[in-house]
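Remarks on the structure that follows.
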């Protein structure tokens with residue numbers, strides 16, 4: 001980039017390195033510059049972005065009568081730039097104006113790069129995993145004497161990760177989206193560039209041929225990606241996100257006092273402060289919790305939790321989606337599925353110890369909150385970002401089994417009000433609208449007034465007290481390892497913020513439910529049921 005003292009003008013026929021938004025007439029030095037760009041493979045980025053005429057010229061004569069565009073930004077990688085413009089308001093004391101290029105840095109938000117590398121099994125190994133399973137079985141012999149859940153979980157993760165590293169690549173190779181024919185043409189072009197006596201007409205013809213082949217190869221590559229996404233039952237949003245070169249990059253943030261911070265450490269500190277306050281509660285139990293008008297249940301839920309079978313674990317693994325980011329342990333769904341019976345047997349021993357003992361491994365209490373997912377509104381407001389919580393897949397499977405036991409409990413004991421809709425089988429939000437409409441019509445038919453109180457919960461999933469779920473189960477006379485497990489699983493949960501592989505200090509969470517947690521909807525269901533039942537227990541309240 002700089003002052004080339006050449007008027008490039010508009011694009012002429014056959015030129016590939018000049019965009020269609022040039023300005024002015026080309027002079028001889030401009031033609032020399034155009035030939036140089038064609039030979040060296042440089043793109044004139046000023047000409048690829050449409051601007052008004054007063055935002056194009058970069059130099060003015062002393063009397064102000066002549067204005068030309070002679071300062072350019074050139075690059076061999078056109079996709080790196082999202083905008084090139086002239087800044088008119090900056091006064092530098094020069095007869096040139098400042099040219100600003102906006103770089104589109106393709107910063108990959110590798111959610112899987114938290115504490116351990118993410119291991120992705122090759123497709124061939126995933127289809128024939130016998131060798132992988134045999135080595136796992138040999139190494140799992142050291143787990144036979146383990147009885148502590150922390151030791152079992154740590155050794156399980158360590159073993160699967162160590163064996164998986166032999167069969168997997170920790171980093172994905174760059175996908176080759178160009179054919180060998182196109183690459184060979186590019187090699188020929190590189191050889192031609194070494195000779196100064198190259199025929200420019202033939203060189204331009206070769207450039208056009210390469211561009212045509214590249215468009216064809218990219219079209220075929222994208223078609224194959226779409227077919228692969230359809231086979232994996234992935235939505236169009238996932239495919240569009242992978243192909244998009246523009247990532248949601250948090251470059252600046254507005255603080256609580258209204259000032260703007262732009263450095264990564266300052267942004268991380270502000271985000272840590274916000275989530276530290278959001279997930280930490282200083283509230284005391286409401287008086288209505290102490291004086292709950294509900295009577296105790298006649299039937300106490302004191303039955304033992306049944307053992308988890310291998311078939312149940314196998315089915316739970318099959319329902320896990322491939323290609324998803326793992327938790328802090330780096331264990332992916334593909335690794336667990338490919339582990340076969342050796343992994344199933346170790347998981348069965350671990351799960352039964354966890355469920356019957358009412359305890360959880362300490363590693364499951366750690367999760368990572370990855371921030372930069374923009375929802376709507378201004379990008380410098382942290383309230384407009386959705387935190388993504390990465391949980392251990394092993395923990396999520398246990399949560400599924402616990403959730404099934406809680407579902408059995410409240411179905412058998414009628415704990416949840418029949419007016420609660422959402423997150424329940426046969427109680428969808430569509431059914432809620434239908435029932436509510438019928439109720440309103442029934443009152444209107446007899447000429448009675450209908451009053452409706454509409455409540456919109458703000459960040460309810462982030463502000464629910466952990467004690468709410470445990471107290472709800474306790475109030476319903478749950479006296480089993482189920483209650484102990486819920487208490488131990490929730491009381492010491494920690495999280496940390498990760499922004500572009502920069503980590504905050506761990507934060508103790510006393511409220512809020514992790515996004516992606518299987519128990520999150522149940523937590524919300526009990527929370528709303530108790531809150532409305534305590535305040536309006538004599539009225540039918542729909543949710």
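Residue numbers (UniProt numbering): 1 to 543. Positions of the beta carbon are idealized from the N, C-alpha and C atoms, including for glycine. In this text, all values refer to a predicted model and were calculated from it rather than measured experimentally.
Coil, strand or helix - residue i by DSSP
{"i": "residue 44", "result": "strand"}
{"i": "residue 358", "result": "coil"}
{"i": "residue 507", "result": "strand"}
{"i": "residue 414", "result": "coil"}
{"i": "residue 260", "result": "strand"}
{"i": "residue 75", "result": "strand"}
{"i": "residue 489", "result": "helix"}
{"i": "residue 520", "result": "helix"}
{"i": "residue 135", "result": "helix"}
{"i": "residue 388", "result": "strand"}
{"i": "residue 364", "result": "helix"}
{"i": "residue 102", "result": "strand"}
{"i": "residue 458", "result": "coil"}
{"i": "residue 307", "result": "coil"}
{"i": "residue 340", "result": "helix"}
{"i": "residue 496", "result": "strand"}
{"i": "residue 578", "result": "The displayed coordinates of the chain run from 1 to 543. Any statement about residue 578 would go beyond what the structure contains."}
{"i": "residue 3", "result": "strand"}
{"i": "residue 350", "result": "helix"}
Cβ-based burial, residue i [other Cβ within 10 Å; buried from 16]
{"i": "residue 464", "result": "buried"}
{"i": "residue 457", "result": "exposed"}
{"i": "residue 338", "result": "buried"}
{"i": "residue 326", "result": "buried"}
{"i": "residue 294", "result": "Low confidence applies to residue 294: its pLDDT is 42, below 50, so where it sits in the model is not reliable enough to give any reading."}
{"i": "residue 9", "result": "buried"}
{"i": "residue 395", "result": "buried"}
{"i": "residue 447", "result": "exposed"}
{"i": "residue 517", "result": "buried"}
{"i": "residue 443", "result": "exposed"}
{"i": "residue 309", "result": "exposed"}
{"i": "residue 144", "result": "exposed"}
{"i": "residue 30", "result": "buried"}
{"i": "residue 342", "result": "buried"}
{"i": "residue 614", "result": "Nothing can be reported for residue 614, as the shown portion of the chain is limited to 1 through 543."}
{"i": "residue 128", "result": "exposed"}
{"i": "residue 408", "result": "exposed"}
{"i": "residue 224", "result": "exposed"}
{"i": "residue 529", "result": "buried"}
{"i": "residue 262", "result": "exposed"}
{"i": "residue 315", "result": "exposed"}
{"i": "residue 323", "result": "exposed"}
{"i": "residue 87", "result": "exposed"}
{"i": "residue 156", "result": "buried"}
Rounded straight-line distance, which links the Cα of residue j to that of residue i
{"i": "residue 499", "j": "residue 461", "result": "22 angstroms"}
{"i": "residue 177", "j": "residue 401", "result": "43 angstroms"}
{"i": "residue 162", "j": "residue 265", "result": "33 angstroms"}
{"i": "residue 204", "j": "residue 184", "result": "16 angstroms"}
{"i": "residue 280", "j": "residue 511", "result": "6 angstroms"}
{"i": "residue 378", "j": "residue 267", "result": "15 angstroms"}
{"i": "residue 57", "j": "residue 18", "result": "16 angstroms"}
{"i": "residue 99", "j": "residue 54", "result": "13 angstroms"}
{"i": "residue 250", "j": "residue 307", "result": "46 angstroms"}
{"i": "residue 210", "j": "residue 83", "result": "25 angstroms"}
{"i": "residue 133", "j": "residue 345", "result": "12 angstroms"}
{"i": "residue 158", "j": "residue 317", "result": "19 angstroms"}
{"i": "residue 278", "j": "residue 397", "result": "27 angstroms"}
{"i": "residue 179", "j": "residue 217", "result": "6 angstroms"}
{"i": "residue 26", "j": "residue 68", "result": "11 angstroms"}
{"i": "residue 109", "j": "residue 348", "result": "Its pLDDT being 41, under 50, residue 109 is placed unreliably in this model, and the coordinates cannot settle the point."}
{"i": "residue 330", "j": "residue 466", "result": "27 angstroms"}
{"i": "residue 64", "j": "residue 2", "result": "21 angstroms"}
{"i": "residue 419", "j": "residue 481", "result": "29 angstroms"}
{"i": "residue 445", "j": "residue 384", "result": "44 angstroms"}
{"i": "residue 410", "j": "residue 222", "result": "48 angstroms"}
{"i": "residue 451", "j": "residue 362", "result": "49 angstroms"}
Any non-hydrogen atom of the ligand NAD within 6 angstroms of residue i CB
{"i": "residue 311", "result": "Because no ligand of any kind appears in the structure shown, any question about the ligand NAD cannot be addressed here."}
Whole-number beta carbon distance between residue j and residue i, since they are thought to touch under 8 angstroms
{"i": "residue 393", "j": "residue 336", "result": "7 angstroms"}
{"i": "residue 70", "j": "residue 165", "result": "Incorrect: roughly 55 angstroms between the Cβ atoms, too far for contact."}
{"i": "residue 271", "j": "residue 380", "result": "No, residue 271 and residue 380 are not in contact; Cβ-Cβ is about 12 angstroms, not under 8 angstroms."}
{"i": "residue 38", "j": "residue 207", "result": "7 angstroms"}
{"i": "residue 432", "j": "residue 421", "result": "4 angstroms"}
Min CB distance residue i to chain D below 7 angstroms
{"i": "residue 74", "result": "Considering every chain present, this structure includes no chain D. It has just one protein chain."}
The segment 40-49 contacting the segment 74-82, beta-carbon criterion three pairs below 8 angstroms: Yes, the segment 40-49 is in contact with the segment 74-82.
Validate contact between the segment 436-446 and the segment 487-501 using beta carbons, cut 8 angstroms, 3 pairs: no
Three CB pairs or more closer than 8 angstroms across the segment 376-393 and the segment 340-357: Cβ pair count under 8 angstroms is below three, so no.
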